[in-house]
Every structure is written in C-alpha cells, then in structure tokens.
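Structure first, then comments.
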Amino acid sequence: MIGDHLGDLLSALVDGELSPAQSAAAQAHVARCPSCAAELDDITTARALVRALPALEPPFGFYERILRGDRRQAPAPSRWAWTNRRVAAAAVGSAAAAVVLLGLAPPHDTPVTPPVNALVEAHATGASLGSDPLSRLAPIGVPVTFRR
Amino acid sequence: MADEVTPTWEEIARTYGRFLYSVAYRLTGNSDDAQDLVQETLLRVRKGLGGYRPGSMEGWLSRIATNAFLDDVRRRRRRPLELLPEEPDRITPRARAADADLEAQVLPDDVQAALHRLPPEYRSAVVLSDVVGLSYQEISEALDVPVGTVRSRLHRGRALLKKALA
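Going down the list, the protein sequences come from chains A and B. Note that the first sequence covers residues 702 to 849 in my numbering. Note that the second sequence covers residues 926 to 1091 in my numbering.
Below, the structure written as structure tokens:
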C-alpha cells in the first residue's frame, strides 16, 4: 500500500477489519495523504449516517395478516386467486343464507380462533423496542401482561 | 438461541418482526416491496431454505432477506425491457456542506433515498454492514462472494452515498 492510495482498505480500517499492523500502516498513510484523509472522512460520514437510521415499524396488522395466512397478493396471478376466493366466499355465503332461510339449520357463528394473545404481545414487544416517540406511546394502548 | 430447532415464523414475527421489516425496507426502499420481501423471507424460513444454524438470528434472517432481494433484482434484470439500475456516476451531488455539519443536517429520508440509488449489490453490502452490523466474513458468507468483494462493494457504496448527500 506504500505510495498508493488506500481505496477500500479505508472502509476496512473504520470497520476494524484490519490487523493491528495493517491498521497502523493505514493510519500512517492517512496522516500524510490528504486525498486518503478526505476519502476516509467521506466514508466515515456515510457509515455513521446509515448506522443512525431508525428501525421502522411495519404497517399495523402486517404480521398478524401473514400469520393468519392472508398472504399479500403478487400482482398478476394472484388477482385471480383473490377473485376466485371472493367468488367462492360469496357462493358459500349465499348457500349459508339459503340454508338459514329454509330453516334447515340454525344460524351459528363460524368458529374463528385468532392467536390474539400472541399477536398483541408481538405488537407490544415490537412497539416497546421503539426509540421514537410514537412507538413509545404504542404500548400504552394495550395491557402490560398476558396470562392464559 | 441455544436449541437447534429452526424457529417458527410465529416466533420470528413476534421477536424479530420489526428488525426484519426494517432491513427489508432499507433494501427495497418502499413499504410495499418491503412487505413482499418480508413475506418471501418468512416463506423461505418455513420451507427450510435458509440453512438455519444456531447463532445470530438477525444475521440469519438478514441473509435470507438479502438473498431473496437480490434474486428478485436478478429476475427483473433478465426481463428485456427493464433497464439496469442507474449508473453510479450519474448520482448528482447536491450543494456541498461541511462534513461536520452534514451528519446533523441530513434527514433519515435523505439517507434512505441515497441508499435506494445505490446499485443493489452495493446497497446489500451497506445494509448488511451498517444496518445489521455483520462482519465482512459474515457478509461474505451471506452473499457467497469473497471478503475482498464485500470490502470493495461496501466502500464504493459508502463513497457514492456520501457523494449523493454532499
């Protein structure tokens, strides 16, 4: 590296990826090479900016939908699947209505058992990890402990 | 994670949902694509495609997510009419600010926008290093490229990022 610019070794330097000997040599080079010193400043700044990016909150209910098996729909093929499912649901609905109207079966609720506790916990855990003011407020809306 | 059992996606969603979504967002640059990427990642987890090894769960998940992301990028590139990502050199620098001020002035949205303009391979290296916090060796294994390639992509990515934000 002597007489040459350091290039990507500068990133290895700030990331602690050089051996002590390499690191000392790189620092000595930077001390007398304004070009490498400027480049080191640049990448150090860029590195810090990305590292400072906040964690992001997924849209409300996102994981709950996935866990429920509601896949997000990919554009082309799934529009069909979605339509078909609606048609199927409508058919089932009409059939059920017909059955009810005919008095052949008593109306009853479809048993649905979403894993509510787990989902609420998941949301509360995610939210409570937040460092931004909004997500710090989020847990206020839910009970703190869950016992089954 | 002490046990050798691949965690269920319920466990992952509960404990790492926010982390995974954040990584996916930094890679893809928008919420819709991030949600698709998270879903694809969880599907790969469920199909056992990730080759789970007990260790850093963040490292394992981000490895699967990044590979799913890059697979998608490559698939799109093979389509004839889609253009390659913009040339790195065409990133237009803004009015120059002093380095010391820059960190204080730049908004996360600006950093995100600059990140999004990086070629996907550079962006992946930057995200795995500076969002996830993996070592060069770990990134090299995750992306299946030599450590020297990781260092080079990461360094170029950072240089372009700084140029875009300056």
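Using N, Cα and C, we set each Cβ at its ideal position, and we do this for glycine too.
Residue interval of the alpha helix (DSSP H) (run including residue 1045 of chain B): 1045-1051
Residues of the region 979-1005 of chain B whose Cβ lies closer than 8 Å to any Cβ of chain A, in chain order: Against chain A - using a Cβ distance shorter than 8 Å - the region 979-1005 of chain B contributes no residues.
Contact between the region 1051-1067 of chain B and the region 1075-1088 of chain B (3+ Cβ pairs under 8 Å): yes
Contact test: residue 746 of chain A Cβ vs the ligand MG heavy atom, cutoff 6 Å: Looking at this structure, you won't find the ligand MG or any other ligand, since it has none at all.
Cβ neighbour criterion (16 or more within 10 Å) applied to residue 1032 of chain B: exposed
Interface flag, residue 942 of chain B vs chain A, CB-CB below 7 Å: yes
Distance between residue 746 of chain A and residue 728 of chain A (C-alpha atoms, nearest Å): Roughly 17 Å between the two C-alpha positions.
From A:760, A:770 and A:707, residue whose alpha carbon lies closest to that of residue 731 of chain A: A:707
CA-to-CA distance, residue 714 of chain A to residue 1018 of chain B, given in whole angstroms: The pLDDT assigned to residue 1018 of chain B is 44, lower than 50, so where the model puts this residue is not dependable, and the model offers no usable value.
CB contact check: residue 1080 of chain B to chain A, cutoff 7 Å: yes
Sufficient close CB pairs (3 or more, under 8 Å) joining the region 957-977 of chain B to the region 759-769 of chain A: yes
Between the CA atoms of residue 769 of chain A and residue 1038 of chain B - distance to the nearest angstrom: 33 Å
Assigned secondary structure, residue 1091 of chain B (DSSP; H/G/I helix, E/B strand, else coil): coil
Closer than 9 Å at the beta carbon, the chain B residues around residue 755 of chain A: 947 and 1033
Which of helix, strand or coil DSSP assigns to residue 740 of chain A: helix
Interface flag, residue 1077 of chain B vs chain A, CB-CB below 7 Å: yes
Residue burial classification, residue 1050 of chain B (beta-carbon count within 10 angstroms, cutoff 16): Burial call: buried.
Closest by C-alpha distance to residue 981 of chain B, when choosing among B:1069, B:1084, B:1053 and B:1088: In terms of Cα proximity to residue 981 of chain B, the closest of B:1069, B:1084, B:1053 and B:1088 is B:1053.
Residue 984 of chain B, DSSP secondary structure in three states: It is helical.
Three-state secondary structure assigned by DSSP to residue 940 of chain B: Residue 940 of chain B: helix per DSSP, three-state reduction.
Residue 731 of chain A at chain B interface by Cβ criterion, 7 Å: no
Residues near residue 993 of chain B in its chain [Cβ-Cβ closer than 8 Å; skip 5 each side]: A distance below 8 Å between beta-carbons, with the five flanking residues on each side excluded, links residue 993 of chain B to the following residues of its chain, in chain order: 962, 965, 966 and 969.
Under the three-state DSSP convention, the category residue 756 of chain A falls into: Here residue 756 of chain A sits in coil by DSSP.
Assigned exposure category for residue 777 of chain A - 16 Cβ within 10 Å defines buried: With a pLDDT of 40 at residue 777 of chain A, under the threshold of 50, the modelled position of this residue cannot be trusted, and the question is left open.
C-alpha gap between residue 960 of chain B and residue 759 of chain A, whole angstroms: Rounded to the nearest whole angstrom, the CA to CA distance from residue 960 of chain B to residue 759 of chain A is 8 Å.
Residues within the region 703-724 of chain A neighbouring chain B, beta-carbon criterion of under 8 Å: 708, 709, 710, 711, 712, 713, 716 and 718
Whole-Å CB distance - residue 1036 of chain B paired with residue 754 of chain A, under 8 Å assumed: Cβ atoms of residue 1036 of chain B and residue 754 of chain A come within 8 Å of each other, at about 6 Å.
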